[in-house]
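Line order of the protein sequences matches chains Y and F.
Residues 1 to 273 (the working numbering) make up the first sequence, in order.
Residues 1001 to 1877 (the working numbering) make up the second sequence, in order.
Cβ coordinates follow ideal geometry from the N, Cα and C atoms, glycine included.
Remember, predicted model here, so these are calculated numbers, not experimental data.
Working notes, beginning with the structure itself.
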Amino acid sequence: MNMQAPPPVTYDKTIYHLKRGSAGPALDIENLDLYYGPAQALYGVSMVIEKGLVTALIGPSGCGKSTLLRCINRMNDLVDNLRIDGSIKLHGENIYAKSADVIALRKRMGMVFQKPNPFPMSIFENVVYPLRVDGVRDKAVLEETCERALKSSALWNEVKDRLDQSALGMSGGQQQRLCIARAIAADPEVLLMDEPCSALDPIATAKIEELIDELAGQYTIVIVTHNMQQAARVSDNTAFMYLGRLIEYGDTEVIFQTPRSPRTQDYVTGRFG
Amino acid sequence: MTAPAETAAPTTGPVAHTPRQRRSMKTPRSVLIADKAADWVIRIGGVGVIVAVFGIMLFLAQVVVPLFTGAHVQSAFTSTQPIGTEPLFMSVVDEYKTVEVSVDNTGKMHANHIRTGAAIDIAPFDLGGKMPTAFARTPTGRELAFGFADGTLQMATLKVGGTVIDTKDVPADLRRLNEADATDGSAVYTVVSSDQTRRVSIAHEIAEPQQVAPEGTAIVAVDYRVGGSAERPTISFVTVDANGIGRLSRSESKTNMLTGKTTTSLTSSELPGLPEGVKVRTVLMTDKADEVYIVDIGGTFYRYDARDFDAPVLAETVRLVADGVQVGSVGFLIGEQSLVVGGSDGSVNVYFRLQREGAKTTDGYQLVRAHALESQPSGIVAMDVSQRGKMFVTSDSAGNVWLRHSTSEQVLLKLPPGQSVAYRTLTLAPRENGVFATGTDGKIHGWDVSAPHPESTLGTLFGKVWYEGYPEAGFTWQSSGADAFEPKLSLVPLIFGTIKATFYSLLFAIPIALGAAIYTSEFVHYKVRSVVKPTMELMASLPSVVLGFIAALILAPIVETWLAAIFFAFVMIPTGLFLSAYLWQLLPSPIALRYGGLPKFILIFAALILFGYLSYVAAPVFENLFFGGDLKAWANGERGSSAPFTAMLVFPFVFLGIFVSSDAIVTQRFGFVLRGSNRTSAGLADFLRWIATIVVAAFASYALGLVLISIGLDPRGGVVDTYVQRNTLVVGFAMGFAVIPIIYTISEDALNTVPEHLRAASLGCGATQWQTAMRVILPTAMSGVFSAVMIGMGRAVGETMIVVMAAGNTPLLDWNIFNGLRALSANIAVELPEAVRDSTLYRMLFLAALTLFVITFVVNTVAEAVRQRFRKRTAQL
């Protein structure tokens, strides 16, 4: 009943305890500030994403984890009045450099969205879409790619006999795996997943998680999730974000078992969020 | 904040947990009633709309159906009192089908009440006691001529007419004939209404005999016409005497104003070339006395060109019946251009004179059989021709009486033979509402018929019809004209006009509207869209009459003056915009990004204006290059070659073909090379590739153009021809203006409702905005976009005022974009004031409306079916 003023929020520096991969960093985010008009959404985020590992971004709603993800393949470019300071380097190349080719950049990053979003086309056409937009017309190449991508996304056996049917007739889980297949068809360097399981039932979620496990190693995966168990299960590194700030970033086990920041502690134990 | 809670506790404290008063869970009556009422109102409204639409359709159909029902007999009768059995020269019937007057072969006149056969007194002609050897009547039957054995000719007039008089003035001692009619002996009285009575009486007069043939040579055949004015009548006549000499004569009467004395002068010229001893069956002459036909008993027609009265020429000798067949009956249809020939084999054919290349005649004309009508079982013996239209009636020797129409070639009625085997004369009532025959049994046989639309059949409305004087059968719409004019009512030119207007305006509107919709929904900032879209919608609110008015009075002259520039702009502006877009690509990306917003938008407009201006400036060059220096003269076929223009038409397709086929080879390799290079040099390389493709395509299309022309696919004479100021191009512009906003708005909405996540998915795959729009957004929104196009098409089909005002209203059947058209809707608007209720034209306009209705119905149904197919694909989105 008592109306007490909330304690002043103080921000410590980000705590890092990163688990290193064998292949070095894929992405290097340096001091990223992001403004939607006058409102700042990201505050000096710096993180290194290790090649071949799964990195999870967790945090309460509105903490900026999806925004950060969308910065990585410049999907935020379409948003009005958006301003970004800092840099993101993909294999040492600043993607926000003036001469950067956004289209080429996106081809190097596959993206999976919160809601399964297959195109209203056949399953086959959905998978090979990235190749189509690249102008690939060789049927053999397309078919081979389709099979490879569907196999990688553990969908091949379910749909191999109905590749020419509409993708919209699939179940939600299948659709999401199809979107993953589409994302990896172009053989991207990084796979970005924006809460890929939030619209799925537990069984479909389990399948996607299995898939992420399988894809880890082949691809650098960045996954945004609301589900802390999921982050704990699938990721190597976890970044905890809060109110646009990166609080703690490092080995998933450490984050979930012995977090170094009290705020992380509160969040992962369910005290807020 | 906390204190009051403690003091309030005892009152509510321990027993506070009593069950809450439950609110009533019953639905209130008022809600139920409102629900029911809404249900019924909506239901009735919906059913009402459906019923109304079907009602309109049924109403239209009901008005239209009589066009196709031919004719029917309302009643048939046979007179009871005998009228004699002597052979008759002719018989006529008055307009009200009351009295029949006949002339027998002794020159005696008989008048009878038709329905009873009761004789009516009539004074005989004074023939001087001679027996006529020849007889003629004009088509109306008001002028008669008798030829005699002594070579003289006597002209007479006969008038059987009705006047309406006051019932008070009717003589008292009338003899009743039947329930309707009574007679005083010399006239028949019919009560029309309580105070009005119609009096049908006969008046006749005979002139003095004139010596035409040499004294003592009998006249065997005669025909005559009265021309000139009432004060100075000119009587032309043609006679053949017993020696086989044909004569064309003219007698002019002059009345001296002072003395009141009339003097008659007679001039004659002989018709050359009749064979010795010809046995003449009939002679005929036209109203203007410029054509004379002499028909011999064997069936040979001698056609004389009598345009030079003093020196008539035998123009054509031809048989118009099969060999061994005689001419049974022959006569002119109204207008005296068509000749109906009934043969002794029962055949009935209609011939008219046409100018034909290589005609073996002296005047270049030739008799052509235009209509072969159904043959009757026996030889034709009598016929009578309507003085209102192309209807006529024929009877054969077995007593069959058939009512026919020449142009539509249909037999309207087949009246069965009666007890009396043959008929002496046959008469079609002046109002085309009855057929009367004098039988050899001495009775009048009559049929009251109704044939309101004899000229229309499905065949004449939708098929080719050979109208009098036309070189061949064709599709013609011409609803009104001078006297003796036959309405030509083919719906085909009108349907064609509608299709043509729709086609050309959509050709103009669809690319612009869809392009604009894709542009604003996918490429511009939403703030720009929020300005552009309402502006476009404002365009739609312009009344089409204003658009038509502007198109006709302002746009048409501008287009005419700057035709080449406008044509050139069609090439120049798209090319220019492509060019500008490419140049923009060449800009270093920081600059391109920085000026990507409003400056780019303004630059687009600047480019539009610049290239518009360039096409204006460079138009003469363009005209020289493609159209031999003068577009309009070129379109006429007066100068220049078609090859450059054909090349221009096929260029886009050739270009696309070369582009796509080269793409497979070049891009795969070339693109690989480009991948490493930066934006500007890649753009430049690509630009050079475009230029190369364009140059190659230009040469290829020129070659293709030459090939196309050599195999006869010349656009001139097809899609371009003689220039008319009010033309389809202008209609296309104006109608485009009306249609573009509709297609734009609806398709823009459809494109906009494509879920954002699909756009994100596509962009996330590395697709460009254009690829996203083309490969994902447009296919997904296809059902809506298709609807938009179809609604636009519906608007174009039904659009009236623009086509009325800007299309020139010429019902033509050609694709020439420089010529006008007449659409179904415009036709209704233009001709409605002329249509008399229940006339053929009136019903035709309803048929036009029904056709429009059906076209719209079909278009909408097909559109909906296609739309549903598209929708199915995206239904689960």
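By the Cβ criterion, the region 1424–1433 of chain F is not in contact with the region 1360–1369 of chain F, since fewer than three pairs of Cβ atoms, one from each stretch, lie closer than 8 Å.
Between the C-alpha atoms of S1580 (chain F) and I1566 (chain F) there is a straight-line separation of about 20 Å.
Per DSSP, reduced to three states, the secondary structure at D1448 (chain F) is strand. Among the bridge pairs identified by DSSP, N94 (chain Y) is matched with Y:K89. In this structure, the beta-carbon distance from G1820 (chain F) to R1716 (chain F) does not fall below 8 Å. Assigned with DSSP and collapsed to three states, G44 (chain Y) falls in strand. Fully enclosed alpha helix (DSSP H) runs of no fewer than 4 residues occupy 1544–1550, 1556–1561, 1563–1586 and 1589–1594 of the region 1533–1616 of chain F, in order along the chain. For I1380 (chain F), there is no enclosing alpha helix (DSSP H); the residue is part of the beta strand (DSSP E) that begins and ends at I1380 to V1385. Under the Cβ criterion of 8 Å, G1683 (chain F) is not counted among the residues facing chain Y.
For V1776 (chain F), the nearest beta carbon of chain Y is closer than 8 Å to its own beta carbon. Take K1533 (chain F), set aside five residues on each side of it, and no residue of its chain has a beta-carbon closer than 6 Å to its own.
For S1075 (chain F), the enclosing beta strand (DSSP E) covers residues H1072 to T1078. A Cβ of chain F is located within less than 8 Å of the beta carbon of I103 (chain Y). The DSSP assignment places 1458–1462 as complete runs of the alpha helix (DSSP H) inside the region 1430–1517 of chain F, in order along the chain (cut-off: 4 residues).
When Cβ-Cβ separations below 8 Å define contact, A199 (chain Y) makes no contact with chain F. Between A154 (chain Y) and I123 (chain Y), the C-beta spacing is not below 8 Å. In this structure, A1451 (chain F) keeps its C-beta atom at 8 Å or more from the C-beta atom of V1401 (chain F). With a threshold of 8 Å between beta carbons, H1453 (chain F) makes no contact with chain Y.
In this chain, the beta strand (DSSP E) harbouring D1396 (chain F) covers M1391 to D1396. Excluding sequence positions up to five before and after D1184 (chain F), its CB lies within less than 6 Å of the CB of P1171 and L1174, all in the same chain and listed in chain order. Taking a contact to require three or more Cβ pairs closer than 8 Å, the region 1541–1561 of chain F and the region 1721–1730 of chain F qualify as touching.
Judged by DSSP in its simplified three-state form, Y1723 (chain F) adopts coil rather than helix or strand.
Under DSSP, N1349 (chain F) takes part in a beta bridge, and its partners are F:V1341 and F:A1372. Burial state of A1513 (chain F) is buried, judged by a 10 Å Cβ sphere holding 16 or more other Cβ atoms. Contact between V1340 (chain F) and V1280 (chain F) is ruled out by a C-beta separation of about 19 Å, above the 8 Å threshold. Between T1152 (chain F) and Q1211 (chain F), the C-beta spacing is below 8 Å. Taking C-beta separations shorter than 7 Å and ignoring five residues to either side along the sequence, G1657 (chain F) has no partners in its chain. In this structure, DSSP gives W1402 (chain F) an extended state, which the three-state scheme calls strand. V1866 (chain F): member of the alpha helix (DSSP H) spanning T1840 to T1874, first to last residue. Rounded to the nearest angstrom, the Cβ distance from A1218 (chain F) to T1133 (chain F) is 5 Å, consistent with a contact under 8 Å. Straight through space, the alpha carbons of P1652 (chain F) and T1575 (chain F) are spaced by roughly 11 Å.
When rounded, the separation of the alpha-carbon atoms in S1201 (chain F) and G1141 (chain F) is 15 Å.
The three-state secondary structure of T252 (chain Y), taken from DSSP, is helix. Counting only residues of its own chain and dropping the five nearest sequence neighbours on each side, A1823 (chain F) has a CB closer than 6 Å to the CB of G1497, T1498, A1501 and V1803. Under the DSSP assignment, K1414 (chain F) falls in the beta strand (DSSP E) whose first and last residues are V1411 to L1415. Note: N1112 (chain F) is bridge-paired with F:E1100 and F:A1119 in the DSSP secondary-structure output.
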